[in-house]
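Report on the following structure.
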Amino acid sequence: FHTVTGGLSPAVEHRDFMKKFELEHGSTHPRVVAPTFREAVDAAKRELRFLVVYIHSPHHEDTAAFCSSVLCTEVMRDFVDDNFVFWMGSISLPEGYRAATMLRASTYPFLAVMTSSPDNQTTVCDAHQGSVGREDAMNWLMNIMETQGPQLVAQRAELEERAFERRLREEQDQAFQESLLEDQRREAEREDAERRESVRQSIEATAKAEAEAQEAMRLEAEARAQREREDRAAAKRGLFPE
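Per my numbering, the sequence shown starts with residue 27, numbered consecutively.
What follows is the structure in structure tokens.
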């Protein structure tokens, strides 16, 4: 029977649990990916990696030995960190208790390995309940990797291919947009140049027309003055014939 205490947020409870755990068993242990079980499951899905879950029972007679000789060793830490996503919770706290209930833990120490199927469903690959040595625990984990790992590798490859295709489309779209903007810029420059040329030609034509009109007026004035002079000369000859 386990007494479950709670009241704080899962993140605060998990932080306090980890502080107490490290005071008792040291800080050498696999890296805990998130404070809640749900967040750890989501992290494993995103990374397409196996999730190792450890349910800690602080009062079980085999817990101290398991922590000192298996979980809290450099070999196990490095192995799990390199190959898995890891989460642990205490059976004495609501978050750990819920995980233990879902995983059907009945004795401790309890380990489970979970994975995501192609349809995005989370399944339990296998669980180990009770006392276990480090070598047996690592062999158990390696066997799961060897037998069920190829599926994750295929999923990761498919995900990476989709990501590559998405990046390629984005790059192509960006190149198209840049080319379109460059074409629009050039077209705007061409239209602006044509507009300026049209204005220049219009100004020149207006100036030319005005100059021609002024020249015509000048010539007309000169011709009129010439006729007036000739008329006066003719009139003078009529008044004073030679």
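Cβ coordinates follow ideal geometry from the N, Cα and C atoms, glycine included.
By the beta-carbon neighbour count (other beta carbons within 10 angstroms, threshold 16), residue 176 is exposed.
The three-state reading of DSSP puts residue 205 in helix, counting H, G and I together. Beta-bridge partners of residue 82 (DSSP): 116. Residue pairing by DSSP puts residue 154 in a beta bridge opposite 137.
Put simply, of 127, 61, 120, 158 the residue whose alpha carbon is nearest the alpha carbon of residue 87 is 158.
At a Cβ-Cβ threshold of 8 Å, residue 121 and residue 63 count as neighbours.
Short of 8 Å from the beta carbon of residue 199, and not among the five residues preceding or following it, lies no beta carbon of its own chain. If you ignore the 5 residues before and after residue 160, its C-beta comes within less than 8 Å of the C-beta of 95, 96, 99, 101, 102, all in its own chain and listed in chain order. DSSP places residue 95 within a helical segment (H, G or I) once states are collapsed to three. Residue 167 sits in a helix when the DSSP states are folded into three classes. For secondary structure counted as the beta strand (DSSP E) over 3 or more consecutive residues, the region 28-74 holds no complete run.
Closest option to residue 69, judged by alpha-carbon separation, among 42, 140, 43, 51: 140. Where residue 108 is concerned, the enclosing alpha helix (DSSP H) starts and stops at 100-109.
With respect to residue 112, residue 59 sits close: the two C-beta atoms are nearer than 8 Å. Secondary structure of residue 224 (DSSP, three-state): helix. In this structure, residue 36 lies near residue 61, with their beta-carbon atoms less than 8 Å apart. The beta-carbon distance between residue 129 and residue 150, rounded to whole angstroms, is 6 Å. This is short enough to meet the 8 Å contact definition.
By the neighbour-count criterion, in which a residue is buried when 16 or more other Cβ atoms sit within 10 angstroms of its Cβ, residue 168 is exposed. For residue 40, same chain residues with a beta-carbon under 6 Å away, outside a window of 5 residues either side, are 61 in chain order. Rounded to whole angstroms, the Cβ separation of residue 133 and residue 156 is 5 Å, and the two are in contact under 8 Å.
Straight through space, the alpha carbons of residue 208 and residue 220 are spaced by roughly 18 Å.
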